[in-house]
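For reference, the structure is listed below as structure tokens.
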Amino acid sequence: MIQILPVTGPKEPYKTYPEGEFMRRKLAAGNWKMNGLLASLTEIKTLASLPQTDCEVLICPPVTLIHAMAEICQDTAVLIGAQDCHAAECGAHTGDISAQMLHEAGAKYVILGHSERRGDHGESDELIRQKTLAAWSADLTAIVCVGESEQQRLEGTTLDIIGAQLAASIPDGATAENLVVAYEPIWAIGTGRVPTLGDIAQVHDFMRKTLSNRFGDIAANVRLLYGGSMNPGNVAEISGVSNVDGGLVGGASLKAQDFAKIISALGQ
Ligand code: PEP
Numbered sequence: 230m231i232q233i234l235p236v237t238g239p240k241e242p243y244k245t246y247p248e249g250e251f252m253r254r255k256l257a258a259g260n261w262k263m264n265g266l267l268a269s270l271t272e273i274k275t276l277a278s279l280p281q282t283d284c285e286v287l288i289c290p291p292v293t294l295i296h297a298m299a300e301i302c303q304d305t306a307v308l309i310g311a312q313d314c315h316a317a318e319c320g321a322h323t324g325d326i327s328a329q330m331l332h333e334a335g336a337k338y339v340i341l342g343h344s345e346r347r348g349d350h351g352e353s354d355e356l357i358r359q360k361t362l363a364a365w366s367a368d369l370t371a372i373v374c375v376g377e378s379e380q381q382r383l384e385g386t387t388l389d390i391i392g393a394q395l396a397a398s399i400p401d402g403a404t405a406e407n408l409v410v411a412y413e414p415i416w417a418i419g420t421g422r423v424p425t426l427g428d429i430a431q432v433h434d435f436m437r438k439t440l441s442n443r444f445g446d447i448a449a450n451v452r453l454l455y456g457g458s459m460n461p462g463n464v465a466e467i468s469g470v471s472n473v474d475g476g477l478v479g480g481a482s483l484k485a486q487d488f489a490k491i492i493s494a495l496g497q
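All the letters of the sequence shown, read from the start, carry residue numbers 230 to 497 under the numbering used here.
Structure follows, in structure tokens:
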């Protein structure tokens, strides 16, 4: 009978057993996108008051709410993150935010390379690689997003696209503590459409193998999230897919009641 040791810290990506085995902790990451005003702090207060599960909980609000949310969530199981950062430490970049500023505001994670940033702002894999390095310098864990368009899936090039994005967006030096990868098929984001469980497994197994080939043993502990129309109704079956270590959730993370169901299913 294996005894589960207490989780040693809020950012510990895995738990270890006396036998030296490990199990990756699931991560429920909410991406609020450009949603949320001060009134939305009530949602965070609700989340922060929920009983703690074994699933790590992260909310990435708009930058205007990071500090207030981090204060509310201090000494709770809920972590706060950001949705983007600039690649530079400081300088003449009007309107941009550095990783260090996010860290100072209370962020622990930052989402990088979301398809909406890649699309709306023309972000390249190389820029995302540079932003990831900036995040690491500021002691933020990077959640690097990859995913194919519908056209690419129809053409059968999904794994080629994912492989190229992983290779060019993730810098050398990745560890289970500083990197999370999110697979987000672009056509599944905000559409209510989700790949088959088999298709999710194929991509996640491929990502694990690709990271192992490059980073060796540490890749076994890097969390791989699925994102794209995850909701309380489909989270349990997606969570059961091999190499799915949690979810990156948009719409269904805005209401504490919905997100709590997702956290609970991932924590099973
Ligand atoms: C996202 O934007 O990262 C996302 C997964 O959105 P949704 O859950 O709304 O599809």
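For each residue, glycine too, the CB sits at the ideal point set by N, CA and C.
ask   = When you compare only the Cα positions, how much space is there between Glu377 and Lys262?
value = Here residue 377 is taken as the residue at index 148 of the sequence shown, counted from 1. Here residue 262 is taken as the residue at index 33 of the sequence shown, counted from 1. Their Cα atoms are separated by approximately 20 angstroms.
query = Going by other Cβ atoms of all chains shown within 10 Å of its Cβ, with 16 needed for buried, is Pro424 buried or exposed?
reply = Position 195 of the sequence shown, counted from the first residue, corresponds to residue 424. That one is buried.
query = Could you give the C-beta distance for Gly479 and Lys255, rounded to a whole number, given that I count them as a contact under 8 angstroms?
reply = If you number the sequence shown from 1, residue 479 lands on position 250. If you number the sequence shown from 1, residue 255 lands on position 26. 18 angstroms between Cβ atoms; not a contact.
task = Say yes only if the C-beta of Gly348 is nearer than 7 angstroms to one or more non-hydrogen atoms of the ligand PEP, and no if none qualify.
result = For the purposes of this step, residue 348 is identified with residue 119 of the sequence shown, where counting begins at 1. No.
task = Measure the alpha-carbon distance for Ile415 versus Leu453 and round it to whole angstroms.
result = Here residue 415 corresponds to residue number 186 of the sequence shown, with the count starting at 1. Here residue 453 corresponds to residue number 224 of the sequence shown, with the count starting at 1. Between the alpha carbons of Ile415 and Leu453 lies a distance of about 16 angstroms.
Candidates Val432, Leu270, Asp325 and Cys284, of which the one nearest Ile391 by Cα = For this step, residue 391 is matched to residue 162 along the sequence shown. Ranking the options by Cα distance to Ile391, first place goes to Val432.
CB-CB length for Ala494 against Leu279, believed under 8 angstroms = The residue labelled residue 494 in the question sits at position 265 within the sequence shown. The residue labelled residue 279 in the question sits at position 50 within the sequence shown. Incorrect: roughly 14 angstroms between the Cβ atoms, too far for contact.
key: Spatially closest choice to Gln394 from Ala411, Gln380 and Ala405, by CA coordinates   = Here residue 394 corresponds to residue number 165 of the sequence shown, with the count starting at 1. Minimum Cα-Cα distance from Gln394 among the listed residues Ala411, Gln380 and Ala405 corresponds to Ala411.
task = Mark Gly259 as exposed unless 16 or more other C-beta atoms lie within 10 angstroms of its C-beta, in which case mark it buried.
result = The residue you call residue 259 lines up with position 30 of the sequence shown. A residue is called buried when at least 16 other Cβ atoms come within 10 angstroms of its Cβ; Gly259 meets this threshold and is buried.
query = What whole-angstrom Cβ distance do Leu294 and Ala257 have, given they're in contact under 8 angstroms?
reply = The sequence position of residue 294 within the sequence shown is 65, counting from 1. The sequence position of residue 257 within the sequence shown is 28, counting from 1. Between Leu294 and Ala257, the beta carbon gap of about 18 angstroms keeps them out of contact (Cβ cut-off 8 angstroms).
ask   = Residues in its own chain within less than 8 angstroms of Ala316 by CB, not counting five upstream and five downstream?
value = Position 87 of the sequence shown holds residue 316. Taking Ala316 as the centre and dropping the five residues before and after it, the same chain places the C-beta of Leu356, Gln359, Lys360, Leu362 and Ala363 closer than 8 angstroms to its C-beta, in chain order.
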